[in-house]
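Here the structure comes first, spelled out in structure tokens, and everything after it is commentary.
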Amino acid sequence: MSRTLPFRSKDESRTNFFPRFLRDPRGLAAVEFALIFPLMIAFYLGAVETSNMLTANRRVTSVAYTAADITAQAISISDADMTDIFAASSAILRPFSVTPLSIRVSSVVANSSGVNKVSWSDGFQTAGLAENSTVTLPAGLTSPGTSVIMAEVTYEYSSPISET
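Residues in the sequence shown are numbered from 296 upward in steps of one, following this note's numbering.
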């Protein structure tokens, strides 16, 4: 049995192609995936980047806390002690690079008139503050004749995603 197909002109088949294409459900999932995939990748990389930044932020906070805490527990501090404190504090930052890390630990004493002056200061990958220089601290943190250990930590975060 033979069937004959109706004859269509070239112009007629071109004009009917687009409506037939829109009605055909085959390949719809592939088109949707192709449209959604770049957004999925962007959201994934954004989540990874946000997670890395928050982790780095927490670790930098821990570095500052650890450097100040270990220093404050000592009765007297030598340069060798500070080198050990800086090494222990910077180890907290791993697996992030310690190259952009700088730590400054200072002993600040409030004199009898309530002015905060630096008693001593030392730094890791940065200079310490000048002795007897004035430091501004939050109100009520010191009273005349008391001292505090002040740790300053800076870290220049660079994204592992943007480096690739």
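Positions of the beta carbon are idealized from the N, C-alpha and C atoms, including for glycine. Predicted model, so just to flag it, every value in this text is computed and none were measured.
Cα separation between residue i and residue j?
i      : j      : result
MET348 : SER385 : 17 angstroms
ALA425 : SER392 : 28 angstroms
THR449 : ALA382 : 15 angstroms
PHE332 : ALA324 : 12 angstroms
ILE370 : THR441 : 15 angstroms
ARG389 : ALA367 : 24 angstroms
ASN352 : GLY322 : 45 angstroms
ILE380 : SER346 : 28 angstroms
SER416 : ALA342 : 39 angstroms
MET335 : LYS412 : 54 angstroms
GLU327 : LEU317 : 14 angstroms
THR361 : SER414 : 20 angstroms
Considering only C-alpha positions, which residue in the set the options is nearest to residue i?
i      : options                           : result
GLY409 : TYR339, VAL430 and ILE336         : VAL430
ASN406 : GLY341, ILE398, SER428 and PRO395 : SER428
PHE419 : ALA342, PRO395 and ILE365         : PRO395
ALA363 : VAL443, SER457 and ILE456         : VAL443
Are residue i and residue j close, meaning C-beta to C-beta below 8 angstroms?
i      : j      : result
GLY435 : SER401 : no
ALA446 : ALA359 : yes
THR421 : ARG399 : yes
SER438 : GLU344 : no
LEU432 : VAL404 : no
LEU340 : ILE456 : yes
What residues in its chain sit with their C-beta under 7 angstroms from that of residue i, if we drop five residues either side in the sequence?
i      : result
SER357 : ILE387
Might you give, ordered along the chain, the residues of its own chain that have their beta carbon closer than 6 angstroms to the beta carbon of residue i, omitting 5 neighbours on each side?
i      : result
TYR452 : ALA351
VAL355 : VAL448 and TYR450
SER397 : GLN420, THR421 and THR449
Using the DSSP secondary-structure output, state which residues sit across from residue i in a beta bridge.
i      : result
ASP374 : Note: ASP374 sits in no beta bridge, so no partner.
THR449 : SER397
ALA405 : ASN411
For the ligand FMN, I want to know if residue i counts as a neighbour, meaning its beta carbon is within less than 7 angstroms of at least one of the ligand's heavy atoms.
i      : result
LEU436 : For the structure depicted, the ligand FMN is absent and the ligand set is empty, with no information on it obtainable.
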